[in-house]
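Numbering (our numbering), first residue to last: 1 to 676. Below: the structure, in structure tokens.
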């Protein structure tokens with residue numbers, strides 16, 4: 001049999017799997033890789049393979065006389081490229097999902113009919129002999145009348161999964177639908193396999209879309225399909241599990257049930273377990289072209305799946321799952337027990353909301369989570385809770401203060417300001433970014449206060465490095481003594497991991513109107529309640545050079561290429577980090593922040609103990625500055641040596657917030673105008 005000449009469009013990501021499969025089938029004499037089309041270079045292609053990066057897929061197909069084109073490109077490009085390939089005379093193996101909209105799916109189907117060429121869709125699980133085996137078992141009455149099919153899947157995905165390509169986790173790009181959610185892409189096989197086992201037509205679709213990650217699309221969702229034969233199919237999936245749980249489906253019958261773990265082709269029934277063979281879909285397409293073998297996944301077989309995708313596309317944006325219900329780690333976000341939730345959905349054929357999963361609704365009062373009662377989240381789009389004061393300057397709301405944050409204990413829950421905006425409306429803070437999920441806008445955070453972590457994340461341990469210790473404290477709001485449109489004065493309790501209050505804080509926050517801009521004035525007085533000197537430590541005091549963070553801290557948005565930091569006589573992260581300049585500016589193309597300190601005019605005697613230096617009076621705290629890794633600024637309380645708090649610790653920072661970039665002279669002028 002003459003090998004089938006193949007072009008691969010999209011050789012990165014999942015395209016690497018196709019390259020490996022092409023090498024296998026080439027060695028078997030079934031195919032010949034004739035060309036590769038990609039916008040990025042591809043290393044290691046066999047000799048004689050033509051590579052094209054000019055976007056002219058049709059031209060490449062014609063030049064190399066390809067009979068088959070594998071389309072492994074972004075979802076929103078499928079329809080256009082499929083039409084190009086088919087009109088160029090090539091059959092196609094189209095990766096799932098077939099298209100980003102039902103209209104695009106119909107465009108491809110019309111072109112297939114027009115050209116008379118074959119289109120196989122890359123739902124690999126439908127190449128398994130397990131699917132027809134189950135359908136035969138049902139037809140033979142093994143479980144009586146089918147009452148429903150439930151599918152469940154729970155995988156983990158790191159933050160990098162959503163940053164690997166521009167379309168990852170997007171609902172659309174520039175108005176063009178993408179629909180890259182868990183139901184429609186990474187765990188799309190759950191839906192496609194359940195519908196294939198059913199064999200009926202989709203009559204109606206309900207979807208519930210949720211997201212834990214900072215993405216547009218869904219990462220945790222469920223769907224229920226009413227089939228035209230009266231049965232129900234449900235799918236419950238998530239990318240926020242603690243580990244990979246193999247997805248499966250259960251066929252419920254009046255007298256029994258069948259379980260299919262479709263990634264393993266394993267069918268379990270009545271105490272038996274059988275692993276069925278699976279046919280490679282490209283190999284099946286080759287057999288179709290050379291021997292007339294029927295296609296396993298022709299385009300028309302995926303119409304039901306596309307109806308589900310269309311329901312997802314047209315549904316409201318996914319509902320954000322509050323951080324309260326998540327475990328937010330350095331690598332990924334976890335929804336505790338989500339694998340059990342998806343399993344229960346498959347058992348009961350129920351949607352998440354019908355299972356009364358707490359994050360599917362806003363609960364009054366408190367909700368139990370992680371073994372302790374925490375403040376419940378509000379209903380999305382409902383009224384703001386009363387303890388969320390807004391700051392107003394020049395008639396504009398310029399900042400919101402989150403009193404009861406919905407964050408996990410590992411982020412050291414504490415009140416914070418976010419969003420903080422320029423007068424022009426540009427947001428200049430960020431909360432729970434993927435690189436440091438415990439960074440919370442503008443907050444007072446100390447990495448080690450008397451042995452408790454009030455910063456969040458891992459604690460630095462000498463000779464061990466960053467370590468999870470379960471030592472996270474919490475700052476609890478006790479009440480406001482003053483609150484109006486310009487700001488507030490607040491009392492807070494600083495509690496260690498065992499609930500013991502080790503310090504009491506009085507915090508003052510106010511918005512100050514300046515000419516053409518405004519300033520955020522934050523001061524705090526921390527009172528030691530332990531009855532002994534209370535040490536403030538940083539990672540730097542434990543051996544991590546330069547990591548003196550702790551105190552007032554501002555996490556800014558964006559990335560390093562768009563950030564500039566400078567003082568009156570120095571510029572750049574390396575030069576200003578650790579400096580004791582009275583002011584420091586961070587600027588981008590859209591905004592500038594000018595942070596100002598001044599020496600404490602009143603000497604405060606501090607006890608000498610625990611390796612700390614006696615501090616007869618206070619000058620400027622060294623600036624902790626990050627730009628390259630992430631944008632963040634704050635005066636460091638314990639730069640190289642621990643700082644001991646006797647009775648009280650007091651600090652004040654004023655930050656001028658300006659639209660647009662400032663130069664050194666402009667920043668210096670504003671710093672001089674700060675009203676102390």
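All residues carry an ideal CB built from backbone N, CA and C; glycine is no exception. All of these numbers come straight from a predicted model, not from anything done at the bench.
query: Can you name the residues that DSSP bridges to residue 475?
result: 494
- request: State the beta-bridge partners of residue 465 as determined by DSSP.
  value: 461
message: DSSP three-state label for residue 62, please.
response: helix
task: Return the first residue and the last residue of the beta strand (DSSP E) that residue 242 is part of.
output: 240-253
Within 7 Å, strictly: CB atoms of residue 8 and residue 121: no
field: Close Cβ partners of residue 236 (< 6 Å) along its chain, the five nearest in sequence each way excluded
entry: 152, 222, 342, 345
Contact test: residue 96 Cβ vs the ligand NAD heavy atom, cutoff 6 Å: As far as ligands go, the structure on display features none, and thus does not contain the ligand NAD.
field: Limits of the unbroken alpha helix (DSSP H) element including residue 69
entry: Per DSSP, residue 69 lies in no alpha helix (DSSP H) segment; the continuous beta strand (DSSP E) that holds it begins and ends at 68-71.
Rounded C-alpha distance that separates residue 634 from residue 407: 22 Å
task: Starting from the N-terminal side, write out each stretch of the alpha helix (DSSP H) that is 4 residues or longer and does not extend beyond the segment 147-198.
output: Segments of the alpha helix (DSSP H) lying fully in the segment 147-198: 159-163, 188-198.
field: Cα-Cα separation, residue 552 to residue 532
entry: 24 Å
query: Of the residues 444, 64, 414, 558, which one's Cα is nearest the Cα of residue 650?
result: 444
task: Verify whether the separation of the beta carbon atoms of residue 680 and residue 585 is less than 7 Å.
output: Nothing in the structure corresponds to residue 680, since the chain is present only between 1 and 676.
field: residue 98 - DSSP class collapsed to helix/strand/coil
entry: coil
- request: Any chance you could list the alpha helix (DSSP H) runs of at least 4 consecutive residues sitting entirely within the segment 267-343, in chain order?
  value: 281-291, 303-314
- request: Could you spell out where the beta strand (DSSP E) holding residue 554 opens and where it closes?
  value: Unbroken beta strand (DSSP E) run through residue 554: 551-555.
query: With respect to the beta strand (DSSP E) encompassing residue 703, which residues constitute its N-terminal and C-terminal limits?
result: This structure does not reach residue 703, given that the chain is present from 1 up to 676, and the question cannot be answered.
field: Assumed close pair residue 493, residue 504 - CB separation to whole angstroms, cut-off 8 Å
entry: 6 Å
query: What did DSSP end up calling residue 56 once you bin it into helix, strand or coil?
result: coil
message: So, at 7 Å on beta carbons, what are the nonlocal neighbours of residue 483 in its own chain, with the 5 sequence-adjacent residues on each side left out?
response: 389
query: By Cβ distance below 7 Å, which residues in the same chain neighbour residue 42 in space, the five residues on each side in sequence not counted?
result: 11, 36, 51
query: Can you round the beta-carbon distance between residue 210 and residue 218 to whole angstroms, since I take them to be within the 8 Å contact cut?
result: So it is a contact: roughly 6 Å between Cβ atoms.
field: Endpoints, the alpha helix (DSSP H) within which residue 132 is located
entry: Taken as a continuous stretch (DSSP letters only), the alpha helix (DSSP H) holding residue 132 covers 130-139.
Exposure label - residue 432; buried when at least 16 CB within 10 Å: buried
Three-way DSSP call (helix, strand, coil) for residue 608 in this model: Below a pLDDT of 50, predicted positions are generally treated as unreliable, and residue 608, at 36, falls in that range; no measurement from the model is reported.
query: Which of helix, strand or coil does DSSP assign to residue 482?
result: Strand, per DSSP.
task: State buried or exposed for residue 62, treating a residue as buried only when at least 16 other CB atoms are found within 10 Å of its CB.
output: exposed
message: Between which residues of its own chain and residue 543 is the CB-CB distance below 6 Å, once the five residues before and five after are set aside?
response: 462
field: Beta bridge counterpart(s) of residue 396 as assigned by DSSP
entry: 393
task: Measure the C-alpha to C-alpha separation of residue 446 and residue 416 and round it to an integer number of angstroms.
output: 14 Å
message: Looking at the secondary structure, which residues open and close the beta strand (DSSP E) in which residue 120 lies?
response: 119-121
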